[in-house]
Amino acid sequence: MMIHAKGKVGADDYIASGATEADLRALPHIGLRIPLVVPDEAMIGVGREFADLFARHLESPRAFFYFAFLTYFGAAISKMVTLDSELRPPARLYTVLLGESADTRKSTALKKTDDFFRSLDDKWAPSVLFGVGSAEGIAAEMESESSTLVLYFDELKGFIDKAKREGSALMPMVTSLFDSDHYDNRLKDRKIRVRDASLSLAAACTKDTYATLFDTQFIAIGFINRLWLVADQTTERIAIPRPIPIGDLEALRDRVLGQLEAIAARFHGANNGQVTGRVALPLVPQARALFEAWYADRPTSVFGKRLDAYAMRLMVLLAASSGKAEVDVPVMEAVLALVNYQLAVRQENDPVDADSAVARMEERIRRALAAGPLRLKALKRTVHYSRHGLWIFQTALDNLVRAEEVLHDRKTKSYRAAPEGAPT
Amino acid sequence: MNPHLALLLSAAYPRGLAPEHLADLRKSTITDETIRAQHIMSVPPAMFGRLLGFDVPDVRSMMLLPFLASGAGFIGHVRVKIFPELKGKDCHSTKYLQPRGSSPRLYFVTCCMDSVLRGDGPVWFVEGEKKALSVGQLGLSAVGFSGAEGWHRSGTRTLLEDFDAIQLWRREAELLPDGDVRSNVNVADAMRRFSAALRDRGARPRIRMLPERAA
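Just so you know, the protein sequences line up as chains L and F, in that order. Under the numbering used here, the first residue of the first sequence carries the number -5, and numbering increases by one thereafter. Under the numbering used here, the first residue of the second sequence carries the number 3, and numbering increases by one thereafter.
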């Protein structure tokens, strides 16, 4: 399409060159670094009630509470309920709360959620492993305590660093147990054997750490696309949080317990107490049609991997946490809003796969400028230059300018990505 | 409303367009039907200063783009395209003028006003009045804003009152700035702030990128 215009191109120039309504709709869009937040309408059910109550009293973003809750709730019900599909997806999540910095109160959200579930009836108290060093450790915990386990990491880096150790079976095991309920690994001197497992993950990480945490083996094995990332920001400033009123907390406990007991009653058979197998939640036809439309047009990029699997898990989780016996249209709309949000979060937080610190910084600068031009100060802030050192930042920026990948506007003291096709 | 503007917009005034203005509109793909519906017209030279409140000796001709009210009729906002464009000392060119101190307003497009105000499909916020018309003619719900900072009053970062008439809650808002959003840090910053203001009102903004340069 040839566009004839003097200077900058406007919508009318584009249309005059023959662009149609469909062309306009297909124009690329960029976030321009608008903070990503979980769509409000995607937070439903008792998870939303939990998030609303805790976010009113604490600084952690509502979305952190919401997904921490769903992770624990999913762990509690994963052996009792599934989707009416041959795939039989479990309601388990591998959740990572991503914050801009330590100030995002990620750990608070995890801790408060853990406390809340422990305060429920003993029957529903989760089996949680706070940090683990090996696949054998997980297997032993599942054997001695419970095969339903939540791995809890205040800092995901702790887990990843252990998984990176040569010969460690930790990463293959955790990766495998995302999709499966069993795992075998025969080593020369020992054998790891896990059956009927239900593993969930609740972890926190800063965006900066997350971006440089993984090496090639994590990407190759598909560990990263098994994570459900939650990015949000703290907007509240509460110097000394007041205690959550006991009455509100007890009412919420009753609501959550009521839903868990209702699911358990269906699982055990309402009348005779016999185990009837996982309850399969059906989809109403309109909800199925909505998902089929999304699926037909689903993103095929690397960022879209396993979004459909997560959509199915969320169908179960959101329906169950809303006290519904089927996946209806409101549940499906919330699910689709969440997977679309997840796609955006993954795109924005794609881990950098580069060997040297300068190369990693170059990639961070490229990504920052892909979202529009930035003044030097804003660019430095966006790439968190102070954590890496001025020399690394300046060297990386100079490299990019020299290679003409980045252009410097002296007048506005800003930097921008060179247009596609520019000489390099 | 400025009485001179009221006269131009009255049924009694025989609207016309100079060939230069018609050619400019055609370049932007604006049809006769849209020109009529939006009451776009050439301004008699005697009214230049009276409309703007200041003299513009270097302006040869002037085209008025009346602003529709979100209810019915027009608002008293004056914005004109001038010919030739004026060049400042820093080579910055001025194509549009409005009375000094007047705040920007949203430019509604007749053919899609209803879907903009009351629809729930995506609403397209287009930088520039003629560009909004051009987008609206394609069947999209378009509304124009006058320049990258034309969505707020000077000194604030909240949306203009005109946005109150638009259903924004949970609605997709497509921002369509000029192509220099890719290269001009001031435009990019303005769009970031515009997006944040829309998000604060419950909308779901996205910034669409036109090609940066002409072929």
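Glycine included, every Cβ here is placed at the ideal spot set by N, Cα and C. Note that the structure is a prediction, hence the values are computed from the model and not measured.
Reduced DSSP secondary structure (H/G/I, E/B, other) of residue i
i                      : result
residue 167 of chain L : helix
residue 178 of chain L : strand
residue 23 of chain L  : strand
residue 339 of chain L : helix
residue 299 of chain L : coil
residue 41 of chain F  : coil
residue 171 of chain F : coil
residue 418 of chain L : Unreliable placement is indicated for residue 418 of chain L, whose pLDDT of 35 sits below 50; the coordinate value is still reported in the next sentence. It is coil, neither helix nor strand.
residue 333 of chain L : helix
residue 385 of chain L : helix
residue 359 of chain L : helix
residue 144 of chain F : strand
residue 311 of chain L : helix
residue 368 of chain L : strand
residue 69 of chain F  : coil
residue 22 of chain F  : helix
residue 217 of chain F : At residue 217 of chain F the pLDDT is 46, less than 50, meaning the model places this residue with poor confidence; the figure from the coordinates comes in the next sentence. Coil, per DSSP.
residue 250 of chain L : helix
residue 46 of chain L  : helix
residue 58 of chain L  : helix
residue 29 of chain F  : helix
residue 373 of chain L : helix
residue 395 of chain L : helix
residue 201 of chain L : helix
Pair within 8 Å by beta-carbon distance, residue i and residue j
i                      : j                      : result
residue 21 of chain L  : residue 41 of chain L  : no
residue 86 of chain F  : residue 148 of chain F : no
residue 342 of chain L : residue 225 of chain L : yes
residue 207 of chain F : residue 177 of chain F : yes
residue 292 of chain L : residue 75 of chain L  : no
residue 165 of chain L : residue 215 of chain L : yes
residue 81 of chain F  : residue 67 of chain F  : yes
residue 128 of chain F : residue 137 of chain F : yes
residue 146 of chain F : residue 88 of chain F  : no
Any chain F beta carbon closer than 8 Å to residue i
i                      : result
residue 24 of chain L  : yes
residue 252 of chain L : no
residue 2 of chain L   : yes
residue 366 of chain L : yes
residue 255 of chain L : no
residue 56 of chain L  : no
residue 128 of chain L : no
residue 38 of chain L  : no
residue 213 of chain L : no
residue 9 of chain L   : yes
residue 15 of chain L  : yes
residue 35 of chain L  : yes
residue 46 of chain L  : no
residue 6 of chain L   : yes
residue 92 of chain L  : no
residue 265 of chain L : Interpretation of residue 265 of chain L is limited by its pLDDT of 48, a score under 50 that renders its predicted location unreliable; the figure taken from the coordinates is listed afterwards. By this cut-off, residue 265 of chain L is not an interface position.
Test: residue i CB closer than 8 Å to a CB of chain L
i                      : result
residue 185 of chain F : yes
residue 188 of chain F : yes
residue 102 of chain F : no
residue 181 of chain F : yes
residue 65 of chain F  : no
residue 115 of chain F : no
residue 213 of chain F : yes
residue 137 of chain F : yes
residue 111 of chain F : no
residue 88 of chain F  : no
residue 118 of chain F : no
residue 31 of chain F  : yes
residue 21 of chain F  : no
residue 133 of chain F : yes
residue 209 of chain F : yes
For residue i: DSSP bridge partner residues
i                      : result
residue 88 of chain L  : L/195
residue 316 of chain L : None, per the DSSP bridge assignment.
residue 421 of chain L : No statement about residue 421 of chain L is possible, as the shown extent of chain L runs from -5 to 418 and does not include it.
residue 224 of chain L : L/91
residue 207 of chain F : F/175
residue 63 of chain F  : F/85
residue 185 of chain L : L/180
Chain B residues whose Cβ lies nearer than 9 Å to that of residue i
i                    : result
residue 9 of chain F : Absent here is chain B; the protein component of the structure consists of chains L and F.
*Which whole runs of the alpha helix (DSSP H) in the stretch 91 to 136 of chain F are 4 residues long or more, in chain order?*
115 to 120
*Can you list, in chain order, the stretches of the alpha helix (DSSP H) that have 4 or more residues and sit fully within the stretch 256 to 291 of chain L?*
279 to 290
_What ranges does the alpha helix (DSSP H) occupy inside the stretch 81 to 157 of chain L, keeping only unbroken runs of at least 4 residues that lie completely in it?_
Correct list: 100 to 112, 129 to 138, 150 to 157.
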